[in-house]
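Okay, so here's the structure we're looking at.
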Amino acid sequence: MEDEPRGGLLSGAAVVPPPAEGPDAFPGASTQTPAIGPWQLALRRFRRNRLALAFLGLLVILVGLCLLAPVYSHDIAHIGPNTTNVVGTIKVNGKVTNVVSVTGLPIGPTFSSHYFFGADEEGRDLAVRLLYGGRTSLLIGALATTIIIVFGTLLGLLTGYFRGAVDAVLRPLMDLIWSFPPVILGVAVGTALALGGIGPIKGNSLFIPALIIGVIYVPYLGKPIRGEVLRLREQDYVDAARVQGMGPWRIMISEILPNAASTIIVFIPMMLAITILLEAYLSFLGAGVQPPNASWGTLISDGINYIDTAPHLALIPGGMLVLTVLSINVVGDGIRDALDPRSQVRIKT
Amino acid sequence: MARFIVRRTLSAVALLFAVSVLVFAIFEIIPAYNPARAIAGRNATATTVAQVSRKFGFDKPVYTQYLNTMKLIFTGQVIDYQDDLNVVDQFRERFGATLSLVVPAAILWLLTAVLLGSISALRVGRLIDRGLMALAILGVSVPVFLLAAVLLYLFAFKLTLFPNTGYVGITVSPIQWAYHLILPWFSIAVLSVGFYSRVLRSNLLDMVNQDFVRTARAKGLPARQVFLRHVLRNSMMPIITMFGLDFATLLGGAALVTEAVYNIPGVGQYEAQAIGNLDVPPILVGAMFTGFFVVLFGAISDVIYGMLDPRIRLS
């Protein structure tokens, strides 16, 4: 079992049974079940995982709500995400109440169309900001994950396949980033770039945190992929491809990459969760999303200052963030179990 | 062993050099970075800025600035630009608070994670396994600063069981010290317990089907001994590497979010302030400080590796 390539379970050629040569090939089998590919098998296993499906549903709802932020803002709450309302009043259960009390205390959740989750200290609608903030957090997570997947895979392939000089140059680079705590590295680079921006990108652009977070986590994918490629390149089918005269790039893309695909796929939800969390950390420390943009991280961070008087300001965005990351993690676990059934080996003691 | 120490020392020097150059380079390429202006103050005239620039050597070439800063760091004379404080003294003063925060938290999370991960693996598929793993996945989904804030809200403001923030030195009053740090310890530990117990559980499950475990069982060892001396011992290897790295980075200042929420005057808080002010000397010292611990605990975890698994030679 140990010698079997991890991705081998998923490499089409290794699992699909050889084509039967006529009806006599399997004399014992009266009815033949149609051959089913490894990806369908994984999908079938995933669909049987009810917990993962439930959280996938929740995740779709959460993402959908965040994407509909402008609709909510325009048609239901009738207030923009950055519209302040310090002196305004609203009717709650027939009573007229200040949005922000004379002592500066914002109103709590009303659970009606206006100020559904209450207001912040400047009278902005928390529910609207929550959805817009979610859009920002999810966008940064998605962008950063894309960077990680593209460059992590590329670096893993290059260092693992070519070894030698390429490895000697690129691997220490990955180790250097990897040996820094992500939060500290992210805060240092984030603060620096938030001031001046890079090139044409402005300092308060969302691309800056996305880029920083992506680059920080590239080695977290690049290193395992490198290990995987180092092993895969010694497989017989790679030798066969080489003997056939395939070039290194073609071997990497058509022979090695498909076998490393399951590892990469398992990393996607993990990275999505971890990048959304890092964005929150950076924003908490003032080095992530910059005003006027809001993200779940900045909302929580602003809310923590009012944790004793207006706890909803930190707890509601916090709950939303945790729920989203939790859903991604549960779905990710489901995907991992579906792709690698051996991770569910039963123990007998 | 001697060769191992020499090699690790050399790689430590190389890493610290790389880290310091990297930090210096990052600040050199930032267009908005102008330390002379920051020191001189907002309303300073151009001549004052130029004077400051000459005094601190910002008008010199980059490599001279780098070498001067390094010289100041290693002679312990480096000061930060913001408050004119000696950076090395600051780290020395604040390290006690960070140690108080990180060491007990680390012990707490390692013991809890090993216990919960083992229980989960031994009872795999049962209710307790599902419950623990549900908690673990929740634990890795909560940012530390949010957990810290929620605990602060619940236990300090609502139930008033614990003081809201602050730090008391262990030499002043050990009881007050622990009383002030219980919530911070817990905040740091939860994330790691979740992460480590998940990893340990899956390692344990992989290990159980290994040949040497079957052999141990076949030769009639009691189940307890098989688990502790064969299964658990071999499953601890990746945990030890993770622990070494996490512990090192927390000591180096990665506990900054917890220190920020609970207002604990540790090295992380100082680094966070320095980063906010783009104050290069403390950032540089902080990065090298962290790098030092990363190398140190990397070496220690390799030694423990060798002790747990004699097949691994130190080289």
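Taken in sequence, the protein lines are chains A and B.
Following this note's numbering, the numbering of the first sequence begins with 1 at its first residue and continues without gaps.
Following this note's numbering, the numbering of the second sequence begins with 1001 at its first residue and continues without gaps.
For each residue, glycine too, the CB sits at the ideal point set by N, CA and C.
Nearest CB-CB separation between B:Val-1142 and chain A: below the 7 Å threshold. Beta bridge pairing from DSSP links B:Lys-1219 with no other residue. In the three-state scheme derived from DSSP, where H, G and I count as helix and E and B as strand, A:Thr-83 is classed as coil. Along the segment 153-174 of chain A, none of the residues has a CB nearer than 7 Å to a CB of chain B. For B:Val-1199, the enclosing alpha helix (DSSP H) starts and ends at 1174-1207. Bounds of the beta strand (DSSP E) holding A:Ile-90 are 89-92. B:Tyr-1167 and B:Met-1070 have their C-alpha atoms some 32 Å from each other. Interface with chain B (7 Å Cβ-Cβ cutoff): A:Asn-329 is included. Here the alpha carbon of A:Gly-319 sits roughly 38 Å from the alpha carbon of A:Leu-157. Note on geometry: alpha-carbon atoms of A:Ser-205 and A:Val-150 lie some 22 Å from one another. Going by DSSP, A:Val-96 is part of no alpha helix (DSSP H) but of the beta strand (DSSP E) stretching over 95-98.
DSSP, read as helix, strand or coil, puts A:Ala-310 in coil.
Secondary structure note for A:Lys-202: it is in no alpha helix (DSSP H), with a DSSP letter that is neither H nor E. DSSP, reduced to helix, strand and coil, places B:Ile-1264 outside both helices and strands of the structure shown, so it counts as coil. The way I'd put it, the segment 1130-1148 of chain B does touch the segment 323-335 of chain A; three or more beta-carbon pairs between them come closer than 8 Å.
Nearest C-alpha to A:Gln-290 among A:Ile-225, A:Ile-304 and A:Leu-193: A:Leu-193. Close partners of B:Ala-1254 in chain A (Cβ separation under 7 Å): Pro-181, Val-183 and Ile-184. Interface annotation, B:Thr-1249: in contact with chain A, CB-CB separation under 7 Å. Approximately 5 Å separates the beta-carbon atoms of B:Arg-1094 and B:Val-1267; this is inside 8 Å, confirming the contact. Around the beta carbon of A:Gly-160, 16 or more other beta carbons lie within 10 angstroms, which makes this residue buried. In summary, B:Leu-1010 is exposed, with fewer than 16 beta-carbon neighbours lying within 10 Å of its beta-carbon over all protein chains present. In this structure, the beta-carbon distance from A:Thr-275 to A:Leu-62 does not fall below 7 Å.
Per the Cβ contact rule, the segment 1229-1242 of chain B is not in contact with the segment 256-272 of chain A (fewer than 3 Cβ pairs under 8 Å).
In summary, the residues of the segment 1269-1301 of chain B whose CB is separated from some CB of chain A by less than 8 Å are Glu-1271, Ala-1272, Ile-1275, Gly-1276, Leu-1278, Ile-1283, Gly-1286, Ala-1287, Thr-1290, Gly-1291 and Val-1294, in the order they occur in the chain.
In the DSSP assignment, B:Pro-1143 falls outside any alpha helix (DSSP H), carrying neither H nor E. Looking at the DSSP output, A:Asp-125 sits in a beta bridge with A:Ala-119.
Between the segment 1286-1305 of chain B and the segment 1250-1259 of chain B there are three or more inter-stretch CB-CB distances shorter than 8 Å, so the stretches are counted as touching. Residues of the segment 269-291 of chain A with a C-beta less than 8 Å from any C-beta of chain B: Ala-273, Leu-277, Ala-280, Tyr-281, Phe-284, Leu-285, Gly-286 and Ala-287, listed in chain order. Residue-level contact check: A:Thr-191 touches chain B, since one or more beta carbons of chain B fall below 7 Å from its beta carbon.
Put simply, the CB of B:Tyr-1153 is near chain A, with a gap under 7 Å to one of its CB atoms. Under the 7 Å criterion on CB atoms, B:Ile-1073 is classed as non-interfacial with respect to chain A. For A:Thr-309, the closest alpha carbon among the candidates A:Ile-79, A:Pro-106 and A:Leu-58 is that of A:Pro-106. B:Ile-1079 sits in a strand when the DSSP states are folded into three classes.
DSSP places B:Ala-1248 in the uninterrupted alpha helix (DSSP H) bounded by 1233-1249.
Rounded to whole angstroms, the gap between the alpha carbons of B:Ser-1118 and B:Ser-1100 is 28 Å.
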